[in-house]
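**Student:** As they're listed, the protein sequences go chains A and B.
Going by our numbering, the first sequence wraps up at 253, each residue one higher than the last.
Going by our numbering, the second sequence wraps up at 368, each residue one higher than the last.
Positions of the beta carbon are idealized from the N, C-alpha and C atoms, including for glycine.
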Amino acid sequence: MSAEDTLLYLDGVSVSFDGFRALNSLSLLIEPGEMRAIIGPNGAGKTTMMDVITGKTRPDTGTILFEGKTDLTAMREAGIANLGIGRKFQRPTVFENHTVWDNLELALKAPRRPLKTLTYAVGRDDRLRIEEILDITRLSPKRERQAGSLSHGEKQWLEIGMLLAQDPKLLLVDEPVAGMTDAETEQTARLLKDIAGKHSVIVVEHDMVFVRELGVKVTVLHEGSVLAEGSLDAVSANQQVIDVYLGR
Amino acid sequence: MLTRFLLLGLDKKAGVLLAVLALLAVAVPVMALGTAPDSPWHLSTHSVALMGKYLCFALLALALDLVWGYVGILSLGHAAFFTLGGYAMGMYLMRQIGPRGVYGNPILPDFMVFLNWKELPWYWHGFDQFWFAAVMVMLVPGALAFAFGWFAFRSRVTGVYLSIITQALTFALMLAFFRNDMGFGGNNGLTDFKEILGFDIQAPATRVGLFVATVVALAIGYILASSIVASKLGKVLVAVRDAESRVRFLGYETERYKLFAWTLSACMAGVAGALYVPQVGIINPSEFSPASSIEAVIWVAVGGRGTLAGAIIGAVLVNFGKSYFTAALPELWLFALGGLFVLVTLFLPKGILGLAAQLRQRLPSRGAVAAKPAGQKGV
Chain A
6 MSAEDTLLYL
16 DGVSVSFDGF
26 RALNSLSLLI
36 EPGEMRAIIG
46 PNGAGKTTMM
56 DVITGKTRPD
66 TGTILFEGKT
76 DLTAMREAGI
86 ANLGIGRKFQ
96 RPTVFENHTV
106 WDNLELALKA
116 PRRPLKTLTY
126 AVGRDDRLRI
136 EEILDITRLS
146 PKRERQAGSL
156 SHGEKQWLEI
166 GMLLAQDPKL
176 LLVDEPVAGM
186 TDAETEQTAR
196 LLKDIAGKHS
206 VIVVEHDMVF
216 VRELGVKVTV
226 LHEGSVLAEG
236 SLDAVSANQQ
246 VIDVYLGR
Chain B
-10 MLTRFLLLGL
0 DKKAGVLLAV
10 LALLAVAVPV
20 MALGTAPDSP
30 WHLSTHSVAL
40 MGKYLCFALL
50 ALALDLVWGY
60 VGILSLGHAA
70 FFTLGGYAMG
80 MYLMRQIGPR
90 GVYGNPILPD
100 FMVFLNWKEL
110 PWYWHGFDQF
120 WFAAVMVMLV
130 PGALAFAFGW
140 FAFRSRVTGV
150 YLSIITQALT
160 FALMLAFFRN
170 DMGFGGNNGL
180 TDFKEILGFD
190 IQAPATRVGL
200 FVATVVALAI
210 GYILASSIVA
220 SKLGKVLVAV
230 RDAESRVRFL
240 GYETERYKLF
250 AWTLSACMAG
260 VAGALYVPQV
270 GIINPSEFSP
280 ASSIEAVIWV
290 AVGGRGTLAG
300 AIIGAVLVNF
310 GKSYFTAALP
320 ELWLFALGGL
330 FVLVTLFLPK
340 GILGLAAQLR
350 QRLPSRGAVA
360 AKPAGQKGV
């Protein structure tokens, strides 16, 4: 497959922190509409990979192309977000002093320049969209609550709702079910599968049960590069993967 | 669109505050000019100037609260913008003196004649026009803040480091303005003003006019600030304060937002300084001193950070206390100020307005508890 047909194209991406190679010539292709699970032991470079895609960290070498043409390595966080790449953090990061509604309103796709936001008023379409997301994330009864007062699981859902409001082409989701109950995990898997229909999604996760539930192609990272790729069953049977997970 | 935007900020709190300001704008002129000097209702020119001074400080505090309370930028150099605005107004007032100075030079202010200067420096040109000075009052602090913020925010300097360089900024300006060859009167500053817009600056009616102008400026500043805070832009600002990198990943260029609030705040501080100078009759480099900026932070903390109205209340109360203490117990004032800051930080983290909100929350619940036993008695 050539770079032009991909949504996200990483080739030979390396990042070092004080001599530690967090990413080591990482290459990865994501197709439009694809959902991909990324697994790997601690320190495999999963979060660093998210950081270089979203512009938080600049790679030392390598190419990152979005939609086959836009070079992400030269852009800053806000510019990349506006291209259509949304990110959910490992620890839920919502605006604690704002209401649930305001959190979604801030995330909602709309002009991002200061003078546009100064005169912004919630129109009918925007209101309906926020209502819809409140329903999807089951936060409708809590719309006027301060986000800081939500439970851990609710914050995770609000953050997923904020991603939906942003309406990105590619969603990067870092450990969405960490600290969730089994029931919440199941709901989250269903929610992500719904989203995957209209967007491309990269999910980083430790929880194998959750990854199995997603039932998508899996990439195993190890020491900053791809160790194996394929269905969960295939990679679980891979001897190298077993060695890495058993810590050999 | 503009009216809709301005209506955003008009909640109940704003209504009360604007009503108080309107009352001041009517009562003070009546009491100062419409009553006999021996009447108990009479306000002396001195009192009017003092109140005007408090309200100038209130506008400075409001400007500081906009960036500290809502964007989390703790400026320890806001007096720099205030003083620059003051100097711009001072330059206009100096040019108005004309040939009435001690040396009688129609163009050069006295201190330039004294320094044996032959002609007006280029940056003094235009200040004989009020409109020009009025533009400079906002443009100079605004441009400095814009340039400073551009570099500081782009390089992602935040928190304590940013506070320290704002402090360094005002300190550097103080040292620069102390030099005679800067052309701003050195350590004596600018003073001995005669008239403003053709009115005698000492006359009671002029003083009242300046007071009313200050009230109007404060009201406009308040409406503007509270409308901004209530708009979506204000929500972005608060989000930047609480989780800046998250806001970036939503696609907002946080630097632009910080720069907007920061520059606007500097312009407001400049206007406050410009209104301050004709009412106190002097501007000199000591206004740039780091202590002035830190005092402004204390006003905001005392009144309640992030409340706008609290900044105004804090500035007026602390300065009233300062006037009282420095007259009654001059050696104790700095201890009182320091103690106040410690007490507020420890016991009133949300300031006076925060305390008021707490009390209001507690009262109805106590009422509900009290109602229960009463109900049982009835049964």
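Are the beta-carbon atoms belonging to T52 (chain A) and R63 (chain A) less than 8 Å from one another?
**Tutor:** No; because the gap between Cβ atoms is not below 8 Å, this pair is not in contact.
**Student:** For the region 162 to 180 of chain A, enumerate the residues whose C-beta is nearer than 7 Å to any C-beta of chain B, in chain order.
**Tutor:** Result list: Q171.
**Student:** Going by DSSP, name the residue or residues bridged to S21 (chain A).
**Tutor:** According to DSSP, S21 (chain A) bridges with A:R26.
**Student:** Should V266 (chain B) and G79 (chain B) be called a contact, given that it needs their Cβ atoms to be closer than 8 Å?
**Tutor:** In contact: V266 (chain B) and G79 (chain B) (Cβ atoms closer than 8 Å).
**Student:** Which residue marks the beginning of the beta strand (DSSP E) containing I207 (chain A), and which one marks its end?
**Tutor:** Taken as a continuous stretch (DSSP letters only), the beta strand (DSSP E) holding I207 (chain A) covers S205 to V209.
**Student:** Between the region 31 to 41 of chain B and the region 291 to 302 of chain B, can you find at least three pairs of beta-carbon atoms closer than 8 Å?
**Tutor:** With the cut-off at 8 Å, the region 291 to 302 of chain B and the region 31 to 41 of chain B do not touch.
**Student:** Would E101 (chain A) count as contacting chain B if we go by Cβ distances under 8 Å?
**Tutor:** Output row for E101 (chain A): interface = yes.
**Student:** I'd like to know if L123 (chain A) contacts chain B, where contact means its C-beta is closer than 8 Å to some C-beta of that chain.
**Tutor:** Yes, contact with chain B.
**Student:** Output the residue ranges of the alpha helix (DSSP H) runs that lie fully inside the region 49 to 112 of chain A and measure 4 residues or longer, sorted by chain position.
**Tutor:** Counting whole runs of 4 or more residues, the region 49 to 112 of chain A contains the alpha helix (DSSP H) stretches 51 to 59, 82 to 89 and 105 to 112.
**Student:** Does the beta carbon of S33 (chain B) sit closer than 8 Å to a beta carbon anywhere in chain A?
**Tutor:** With 8 Å as the cut-off, S33 (chain B) does not count as an interface residue toward chain A.
**Student:** What whole-angstrom Cβ distance do G270 (chain B) and F182 (chain B) have, given they're in contact under 8 Å?
**Tutor:** About 6 Å separates the two Cβ atoms, so the contact holds.
**Student:** In chain C, which residues lie with their C-beta within 8 Å of the C-beta of K183 (chain B)?
**Tutor:** This model lacks chain C altogether, as its protein chains are A and B.
**Student:** Taking 8 Å as the threshold (beta carbon to beta carbon), is G240 (chain B) in contact with chain A?
**Tutor:** At least one chain A Cβ lies under 8 Å of G240 (chain B).
**Student:** What's the C-alpha gap between G23 (chain B) and V9 (chain B)?
**Tutor:** Roughly 20 Å separates the two Cα atoms.
**Student:** Considering only DSSP beta bridges, list what F188 (chain B) is partnered with.
**Tutor:** For F188 (chain B), which the question treats as bridged, DSSP gives the partners B:I185.
**Student:** Who are M40 (chain A)'s beta bridge partners in DSSP?
**Tutor:** According to DSSP, which records beta bridges pairwise, M40 (chain A) is partnered with A:V206.
**Student:** Which of the residues in the region 16 to 31 of chain A, read from start to end, lie with their CB under 8 Å from any CB of chain B?
**Tutor:** Listed by position, the residues of the region 16 to 31 of chain A near chain B (Cβ gap below 8 Å) amount to none.
**Student:** Straight-line CA distance for F142 (chain B) to T159 (chain B)?
**Tutor:** Approximately 18 Å between the Cα atoms of the pair.
**Student:** Kindly indicate which three-state DSSP category E242 (chain B) falls into: helix, strand or coil?
**Tutor:** Residue state, collapsed to three classes: coil.
**Student:** Using three-state DSSP, classify Y14 (chain A) as helix, strand or coil.
**Tutor:** Three-state DSSP puts Y14 (chain A) in a strand.
**Student:** Classify V225 (chain A) as helix, strand or coil using the three-state DSSP reduction.
**Tutor:** Strand.
**Student:** Suppose you measure from the CA of G17 (chain A) to the CA of F140 (chain B); what does that come to, to the nearest Å?
**Tutor:** Roughly 33 Å separates the two Cα atoms.
**Student:** Strictly under 8 Å for the Cβ-Cβ distance: is K221 (chain B) near chain A by that measure?
**Tutor:** Chain A contact via Cβ: present.
**Student:** Count the other CB atoms, across all protein chains shown, that sit within 10 Å of the CB of V149 (chain B); report buried if there are 16 or more and exposed otherwise.
**Tutor:** With fewer than 16 Cβ atoms within 10 Å of its Cβ, V149 (chain B) is classed as exposed.
**Student:** Identify, in the order they occur along the chain, each residue of the same chain with its Cβ nearer than 8 Å to the Cβ of K74 (chain A), setting aside the five sequence neighbours on each side.
**Tutor:** The residues are E9.
**Student:** Can you list, in chain order, the residues of its chain with a C-beta nearer than 7 Å to that of D179 (chain A)? Leave out the 5 residues immediately preceding and following it.
**Tutor:** T52, M55, K93, F94, Q95 and V209, listed in sequence order.
**Student:** Taking only three categories from DSSP, how would you classify L297 (chain B)?
**Tutor:** Coil.
**Student:** Between L337 (chain B) and the ligand MG, is the CB less than 7 Å from at least one heavy atom?
**Tutor:** Inclusion of the ligand MG in the displayed structure is not the case, the ligand content being empty and no account of it being possible.
**Student:** Along the region 59 to 73 of chain B, where does the CB come closer than 8 Å to a CB of chain A? Name the residues.
**Tutor:** Cβ contacts with chain A: none found.
**Student:** Looking only at its chain, what residues have a beta carbon closer than 8 Å to the beta carbon of K42 (chain B), apart from the 5 residues adjacent to it on each side?
**Tutor:** Within the same chain, K42 (chain B) has close Cβ partners Y265, Q268, V269 and N308.
**Student:** If you draw a straight line from the C-alpha of F189 (chain B) to the C-alpha of T203 (chain B), how long is it?
**Tutor:** Contrary to the premise, residue 189 (chain B) reads as Asp rather than Phe in this sequence. Using only the alpha carbons, I get a separation of about 18 Å.
**Student:** Determine, using beta carbons only, whether W106 (chain A) and I135 (chain A) come nearer to each other than 8 Å.
**Tutor:** Contact flag set, yes.
**Student:** So, with DSSP's three-state summary, where would you put D179 (chain A)?
**Tutor:** Strand, per DSSP.
**Student:** In the DSSP assignment, the alpha helix (DSSP H) including V91 (chain B) goes from what residue to what residue?
**Tutor:** From DSSP, V91 (chain B) is part of no alpha helix (DSSP H); its letter is neither H nor E.
**Student:** With H, G and I counted as helix, E and B as strand and the rest as coil, what does DSSP make of L(-3) (chain B)?
**Tutor:** Helix, per DSSP.
**Student:** Tell me whether the region 201 to 220 of chain A and the region 31 to 47 of chain A touch, counting them as touching only if at least three CB pairs, one residue from each stretch, are closer than 8 Å.
**Tutor:** Touching, yes, given that three or more Cβ pairs across the two stretches are closer than 8 Å.
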